[in-house]
Each structure stands twice: as C-alpha cells, then as structure tokens.
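Colleague: Questions regarding the structure given below will be posed in turn.
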Amino acid sequence: MSRLTRDLSAALPTLTKLVFSQPVDRTEAQKVSVRPVFGRGGRSFQAELLRGDKAFHENLAEDALPAYVRDNLDGRYRQVLLVSEEGSSQYVLRQNGDYKKTGSGAGVPRPGEGHDRGKTYILREGEAIPALVDLGVFTADYRIVKARYEKYRQINRFVELVDQAFAGSTRRDITILDFGCGKSYLTFILYYYFAVKRGLAVKIIGYDLKEDVVEHCNAIARKYGYDGLRFVHADVSRDALYDEKVDMVVSLHACDTATDYALHYAISKGAEYIFSVPCCQHEINSSIRRGGELDIFLRHGIVKERMAALLTDSIRTLILEDMGYSVDVIEFTDFSDSPKNLMLRAKKTGKRSTRGREQAAALAAQYGFTQTLLRLCAEGE
Ligand SMILES: C[S@@+](CC[C@H](N)C(=O)[O-])C[C@H]1O[C@@H](n2cnc3c(N)ncnc32)[C@H](O)[C@@H]1O
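All residue numbers in the sequence shown are consecutive under this note's numbering, ending with 383.
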C-alpha cells in the first residue's frame, strides 16, 4: 500500500478535499478533485475529472474511495493535496512511484462547523435568492447545499470585498463585465447584490467559452426577470466584447491568460473597479528560462510553479499601477480551501507611469518568459 493510500484511509472519516494535479501521462485528466457530498443516503464522494474545458463527474460510495484512488490515481499525478478536518498535507510523486509528503497545514472544518459557525455573511442562508436554487447552491427552502458550501463561502467573500470598496458610494447605476463566468454563481450574486440589495440600475454581461453553460445561465436570468443580466458565448482573447462604458470588470478563476485579457480590457475601457482572482498561471512557468538570480527558484518544479504564479500576479499588479490604478493584493480564501487564493482589487486613480512595465519587460527579456498583459500593453503603445 502506498503512503498516499495509507494516509487517505486514515483521513477518510473527516476528509474534506483531495486534489490530484500534474498528470504524469498527458492522456489522463488534467486534474481530479474529490469532495464529500451529503445526501439522503449519508456521506459519499464525488470525483470531478477535468479534461480540456469539460468537467466529468463520478460518484463514489464512502468506502469505495481508497480503492478508486489506488486503481485510478495513485502514482499517476505528480502533486496531491489531501485535506481533512484534522489537517492538510501536500505530496509529490518520487522517482520510485511513491509519494513524499512535502508540506502540511491546518485542517478544514466540515461545512457549517468550526470557524465559520456564526459568521455573518452578506448573503445569508435563508435569504430568498431563487437563482441560487437553480444554480444548486441553495435548496428549495434557501438552505446551503452542503456540497456547495465552499462555493457559497467564496462568492460571499467576493461580495464582501466588493461591498467594502463601495462603502459610501452614491452611484445609481453600474455596468459590469465578468470574464470566464462559467456556471456564473458570482455573476448572479453580483447582480443580486447591486440590483436587489443596493437598488442600482445594473447591467452585467458574463462571458464564457462554454456555449451550453451560457445558454443555461441566460435561461435562469430570463426566468427571474433579471433584465440587466445576460451571458454571451465568447472567447475573451479574441472576440469583440461590449464596447460601451464599463464601470467594473471581474474575473474569478478565469483560466491562465483569460485573466490578462480581463485586466487589459478593463484598462482599455478605463473601468473604475477591477476585482480579479487569477488561477492556473501557466504562461511564465512554461516559458521562463535560467538567466540570473531568480534561477534558484527554477530548480524544483513546485517551487518554480509557485514562484511563476507569484511573479505573474506581481507583474499584473505593476502594470495595473502603471496604467493608473491603486491595487490591493488580498487573501481571498484560506490557502487550504484553494491555493488560488489571491485577489487583485484595483481602483482607478488615473496616475500613470511606465516604471513598472519597464521593470517587468527587463525581467521578461532576462529570463526569456512571455506574459500576456505585458505584451498586450506593449502592443497598445
Ligand atoms: C475555473 S472556471 C471559473 C468559472 C467561474 N468564474 C467561477 O469561479 O465559478 C473558468 C472559466 O473560464 C472560462 N474561460 C477560459 N478561457 C476563456 C476565454 N478565453 N474566453 C472566455 N471564457 C474563458 C472557462 O470556460 C471556464 O468556464
């Protein structure tokens, strides 16, 4: 029995998350995430397999998970994250096919327990937000679907950060673009927050590559008479987007460089607010070469990947500042919930500079990497 299967069996009773990433063989799913689901029959697990831009799901009885992992995943992925209520552990695959534990951290309580108990959310459980029922986040009586608790927490946190930025605002209308809206939990919630809670005249457009998801979201928006909310099937890296005045641009885990297109569009439209939670920052990681003092970060895959992600977001921040924005980099969720946990929150100031871009361009030349926001801004000059 491998170390991972052993640790998994021990953590099984309180397991909250298990994630396999970086497949050894490219034909495997890029990522497999397993989470507990709580139904009438009690606790079971759902595995989500990400292949291209599609997600496939497999449901597993609680006691079937160790065998499923042993037969399908163990030894086939370079990185594993295992989270239970007792603690979280990270593993990397070694040459001999077994896993080495490389890090550990605090546990994550079960939905509705632990440090979240009693927290007052802006969007409270029990609040009648019917679109959230259609999206599977709330039950018909507006209770949180346990399996969607993390998503509920994320969108609440997002709205909380938006709410802080709008404290004292007297604006009466707002136009928002959401890049890579996916199933659009956030997009619906932003609409609800601005239109229902704040009473603004709201226009929101969510863009996504997935046509079926876009159609589904448009149907829900129509069903609830959310006239100002619509979804458009588009590739944000090349299609023409909304060309009138834009006040705010958001992106939540828009894949890789889709975040750069969101930031660039926001800058080019002079949007007043930007809220962006990046993810899968692959671009620098796959293009950076040795070239100087940063080489010490390039010796180990995991360190390189994390450094490249932080470098990506640091460059984005520098560019936003150059282009006339003040930027906060905020911890969006607990690292143990998701390693994609930084938000770039920017507000337009209009004070422009070129220093940040020069610094970033010098680094890109020295280490041979490409960075889409840097390139887009250079092309626009
Ligand atoms: C990880 S999902 C996040 C979805 C949603 N924002 C959320 O947090 O629930 C990323 C989404 O970005 C979309 N996406 C990626 N690249 C895109 C592009 N170039 N244009 C439009 N959508 C894109 C994907 O189709 C996917 O639905």
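From the three backbone atoms N, C-alpha and C, an ideal C-beta is built for every residue, glycine too. All of these numbers come straight from a predicted model, not from anything done at the bench.
1. Which of the three DSSP states is assigned to residue 211 in this structure?
2. Consult DSSP for residue 116 and reduce its assignment to one of helix, strand or coil.
3. Could you have a look at residue 137 and say whether DSSP puts it in helix, strand or coil?
4. First and last residue of the alpha helix (DSSP H) that includes residue 23?
5. Only counting the same chain, and skipping five residues up and downstream in sequence, which positions put a Cβ closer than 6 Å to that of residue 136?
6. Can you give me the Cβ contacts of residue 147 inside the same chain, cut-off strictly under 7 Å, excluding the 5 residues immediately before and after it?
7. Using the three-state DSSP reduction, which class does residue 387 fall into: helix, strand or coil?
8. Residue 56: buried (16+ other C-beta within 10 angstroms of its C-beta) or exposed?
9. In chain order, which continuous runs of the beta strand (DSSP E) of length 3 or greater are located wholly inside the segment 211-250?
10. Taking the alpha-carbon positions, what's the residue 14 to residue 72 distance?
11. Spatial neighbours of residue 376 within its chain, please: CB distance less than 8 Å, with the 5 preceding and 5 following residues excluded, ordered by chain position.
12. Classify residue 97 as buried or exposed, calling it buried when 16 or more other Cβ atoms lie within 10 Å of its own Cβ.
13. Any chance you could list the alpha helix (DSSP H) runs of at least 4 consecutive residues sitting entirely within the segment 167-212, in chain order?
14. Using a Cβ distance threshold of 8 Å, determine whether the segment 326-334 contacts the segment 243-251, with at least three qualifying pairs required.
15. Is residue 289 near ligand 1, judged by its Cβ being under 8 Å from some heavy atom?
16. List the endpoints of the continuous alpha helix (DSSP H) containing residue 332.
17. Do you know how far the Cα of residue 381 is from the Cα of residue 266?
18. Since residue 1 and residue 47 are thought to touch, with beta carbons under 8 Å apart, how far apart are those beta carbons, to the nearest angstrom?
19. Closer than 7 Å by C-beta to residue 163: which residues in its own chain qualify, once you throw out the five before and the five after it? Chain order, please.
20. Among 230, 238 and 186, which residue has its Cα nearest to the Cα of residue 211?
21. Shorter than 8 Å, the distance from the beta carbon of residue 183 to the closest heavy atom of ligand 1, or not?
22. Quick check on the DSSP output: the beta strand (DSSP E) that includes residue 59 runs from which residue to which?
23. Roughly how many angstroms separate the alpha carbons of residue 24 and residue 215, rounded to a whole number?
24. May I ask you to list the residues that DSSP assigns as paired with residue 105?
25. If you count every other CB in all the chains shown that lies within 10 Å of the CB of residue 117, and 16 or more means buried, which is it?
26. Quick check: is any heavy atom of ligand 1 less than 8 Å from the C-beta of residue 236?
27. Under DSSP, the beta strand (DSSP E) around residue 81 begins and ends at which residues?
28. Taking all protein chains shown into account, do 16 or more other C-beta atoms lie within 10 angstroms of the C-beta of residue 325, making it buried, or fewer, making it exposed?
29. Taking Cβ to Cβ, would you say residue 286 is nearer than 9 Å to residue 177?
30. Go to residue 352, then tell me how far its beta strand (DSSP E) extends in each direction, as first and last residue.
31. Inspect the CB distances between the segment 70-87 and the segment 3-23 and report whether three or more fall short of 8 Å.
32. Mind checking whether residue 2 and residue 279 have CB atoms under 9 Å apart?
33. How about residue 188 and residue 207: do their beta carbons lie closer than 9 Å?
Modeller: The structure says:
1. coil
2. Since pLDDT at residue 116 reaches only 42, below the 50 mark, its modelled position is unreliable, and the value read off the structure follows with that caveat. It is helical.
3. coil
4. It is not in any alpha helix (DSSP H) - residue 23 instead sits in the beta strand (DSSP E) that spans 17-25.
5. 222
6. 138, 139, 140 and 141
7. The structure shown does not extend to residue 387, since the chain is modelled only from 3 to 383, so the question has no answer here.
8. exposed
9. 231-235
10. 14 Å
11. 317, 321, 359, 362, 363 and 366
12. exposed
13. 187-193
14. no
15. no
16. Premise fails: residue 332 lies in the beta strand (DSSP E), 325-333, not in any alpha helix (DSSP H).
17. 11 Å
18. The requested residue 1 does not occur in the structure, where the chain is confined to residues 3 to 383.
19. 277, 332, 345 and 347
20. 238
21. yes
22. 56-63
23. 26 Å
24. 92
25. Low per-residue confidence applies at residue 117: pLDDT is 43, beneath 50, and the placement is therefore not dependable, though the value from the model is reported in the following sentence. Label assigned to residue 117: exposed.
26. yes
27. 79-86
28. buried
29. no
30. 344-354
31. yes
32. Any question about residue 2 goes unanswered here, given that the chain covers just 3 to 383.
33. no
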